[in-house]
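Taking this note's numbering, the leading residue of the sequence shown gets 3, the next gets one more, and so forth. What follows is a short report on a single structure.
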Amino acid sequence: MQTNSWVQLFPEQASSFAWQVDALYFYLILISVGFTIPIVVALFVFMVKYREKAKFDTGAEIHGSIMLETIWSIIPFIIAMTIFLGGAIVFFNQYTPPQDAMEIYVVGKQWMWKIQHGTGQREINELHVPVGRDILLTLTTEDVIHDFGMPAFRTKVDVVPGRYTKVWFHATKPGKYHLFCQEYCGLNHSGMGGWIYVMEQKDFDNWLGGNASQGTPVEIGKDLFQNKLGCASCHAGGPGQRGAPLENIFGKPVKLVGGQTVTVDDNYIRNSILNPSSQVVEGYQPIMPTFKGQVTEEQLNGLVAYIKSLSGVTAGSTTGTTTTNAASTSTTGGGNSNAAATNSMTPPRADRGNPNPGSNPNAPAQNSNR
Ligand code: CUA
Numbered sequence: 003m004q005t006n007s008w009v010q011l012f013p014e015q016a017s018s019f020a021w022q023v024d025a026l027y028f029y030l031i032l033i034s035v036g037f038t039i040p041i042v043v044a045l046f047v048f049m050v051k052y053r054e055k056a057k058f059d060t061g062a063e064i065h066g067s068i069m070l071e072t073i074w075s076i077i078p079f080i081i082a083m084t085i086f087l088g089g090a091i092v093f094f095n096q097y098t099p100p101q102d103a104m105e106i107y108v109v110g111k112q113w114m115w116k117i118q119h120g121t122g123q124r125e126i127n128e129l130h131v132p133v134g135r136d137i138l139l140t141l142t143t144e145d146v147i148h149d150f151g152m153p154a155f156r157t158k159v160d161v162v163p164g165r166y167t168k169v170w171f172h173a174t175k176p177g178k179y180h181l182f183c184q185e186y187c188g189l190n191h192s193g194m195g196g197w198i199y200v201m202e203q204k205d206f207d208n209w210l211g212g213n214a215s216q217g218t219p220v221e222i223g224k225d226l227f228q229n230k231l232g233c234a235s236c237h238a239g240g241p242g243q244r245g246a247p248l249e250n251i252f253g254k255p256v257k258l259v260g261g262q263t264v265t266v267d268d269n270y271i272r273n274s275i276l277n278p279s280s281q282v283v284e285g286y287q288p289i290m291p292t293f294k295g296q297v298t299e300e301q302l303n304g305l306v307a308y309i310k311s312l313s314g315v316t317a318g319s320t321t322g323t324t325t326t327n328a329a330s331t332s333t334t335g336g337g338n339s340n341a342a343a344t345n346s347m348t349p350p351r352a353d354r355g356n357p358n359p360g361s362n363p364n365a366p367a368q369n370s371n372r
């Protein structure tokens, strides 16, 4: 939050690893300044000291110094290694999500962020999270590459069509923080942002209670799996099924036709739904049809969440103390006035079979006479 009138050099530090990023950055600045000043000073001193005093003056010949060359190789080597180590530590912290993080799904599209909570609440261009909890975002996009940027948390991640990327953070103080798209994605890229509201747990529970659940991702996925898409007719489990079993597979290796072994993760499940013949489980026939174009990204998130739940993975569990639907009296962050409006989302498919091509000024013209 902007607390003073003059322009801030850095955004607020609001996540557990924000200080680490800043410390590394200041270290880099320190090193740069530490080298720049002596070099510039020496430049001027030498300019005066070794200027040409007589016409056609020649300098003394120097035949090298092992000592000098060793020193100017080893010192920069040590400095470079400290930068590498610092960077590696920060990188490791940022890209190793904790096990029991609260999972939230994010779908980007030109030009908005659609967010789906594990408890079924949805929002657009706003993200409400509790303070002091590990939050894991699983992100994908319907159209082009975007980038989910959270400056106050000192983290960001590219959001790539056709796959899931992940980013996690641990917000350390309640407040309202910027959310930006940080990858140029077309005409309204600069407007593709919003706010992250970090709330005390009880305010967050109130917020959840005041926003009707639209069906949790697991429920949405289960309905698709058992009824709408008919996955259960082959994958219901039990002996003699045509489809590979889906119980207790998540996080485990699975052997594929062709001898390859892959670990079952979000991207494997996603790929198995959209490109089923590309990774067929050993002992099964490549008979599954593709569901490409038949499910939205939100529905895919649901299917993935449901199939994960068959392995007992329910990272989407939110609070454990979700309050009932008492009237929302949330004040922290103060931004759910338009939450009701954001709850009625029926996302059109922007990438395939877009019924309204005019909505995307970057889309190639249809019916062109090519
Ligand atoms: Cu989305 Cu830039």
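By construction, the Cβ of each residue, glycine as well, lies at the ideal position given by its N, Cα and C atoms.
Item, Value
"Selection from 143, 304, 57, 16 that minimises the alpha carbon distance to residue 217", "304"
"Beta-ladder partner(s) of residue 173, from DSSP", "17"
"Sequence ranges, beta strand (DSSP E) only - wholly within the stretch 52 to 94, length at least 3", "none"
"Residue 128 (DSSP reduced to helix, strand or coil)", "strand"
"Status (buried if at least 16 other CB within 10 Å, exposed otherwise) for residue 250", "exposed"
"For residue 153, the three-state DSSP class (helix, strand or coil)", "helix"
"Reduced DSSP category for residue 105 - H, G, I as helix; E, B as strand; rest coil", "strand"
"Proximity test, residue 375 beta-carbon vs the ligand CUA heavy atom, cut-off 7 angstroms", "No statement about residue 375 is possible, as the shown extent of the chain runs from 3 to 372 and does not include it."
"Secondary structure of residue 304, DSSP reduced to three states", "helix"
"Buried versus exposed, by CB contacts within 10 Å (16 or more), residue 287", "exposed"
"Other residues of its chain near residue 320: CB distance less than 8 angstroms, five sequence neighbours each side excluded", "Model confidence at residue 320 stands at a pLDDT of 42, short of 50, so the residue's coordinates are unreliable and nothing is read from them."
"Beta-carbon proximity of residue 220 to residue 313, cut-off 8 angstroms", "no"
"Distance, residue 52 Cα to residue 46 Cα", "10 angstroms"
"Segment limits, alpha helix (DSSP H) that includes residue 224", "219 to 225"
"Neighbourhood of residue 293 by C-beta, 6 angstroms cutoff - its chain only, sequence neighbours within 5 removed", "275"
"Reduced DSSP category for residue 38 - H, G, I as helix; E, B as strand; rest coil", "helix"
"Spatially closest choice to residue 114 from 127, 108, 106, by CA coordinates", "127"
"Span separating the alpha-carbon of residue 27 from that of residue 234", "52 angstroms"
"Three-pair Cβ contact test at 8 angstroms for the stretch 13 to 22 versus the stretch 149 to 162", "yes"
"Rounded straight-line distance, which links the Cα of residue 252 to that of residue 244", "20 angstroms"
"Three-state class that DSSP yields for residue 233 in the structure shown", "coil"
"Distance between residue 92 and residue 270 (C-alpha atoms, nearest Å)", "28 angstroms"
"Euclidean distance between Cα positions of residue 224 and residue 272", "15 angstroms"
"Three-state secondary structure assigned by DSSP to residue 197", "strand"
"Chain-order list of residues whose beta-carbon lies under 7 angstroms from that of residue 266 (same chain, five-residue window excluded)", "251, 252, 253, 254, 256"
"Contact check, residue 184 vs residue 95, beta carbons under 8 angstroms", "no"
"Counted within 10 angstroms of its Cβ, other Cβ atoms place residue 187 as buried (16 or more) or exposed", "buried"
"Alpha-carbon to alpha-carbon, residue 35 and residue 12", "19 angstroms"
"Contact test: residue 144 Cβ vs the ligand CUA heavy atom, cutoff 7 angstroms", "no"
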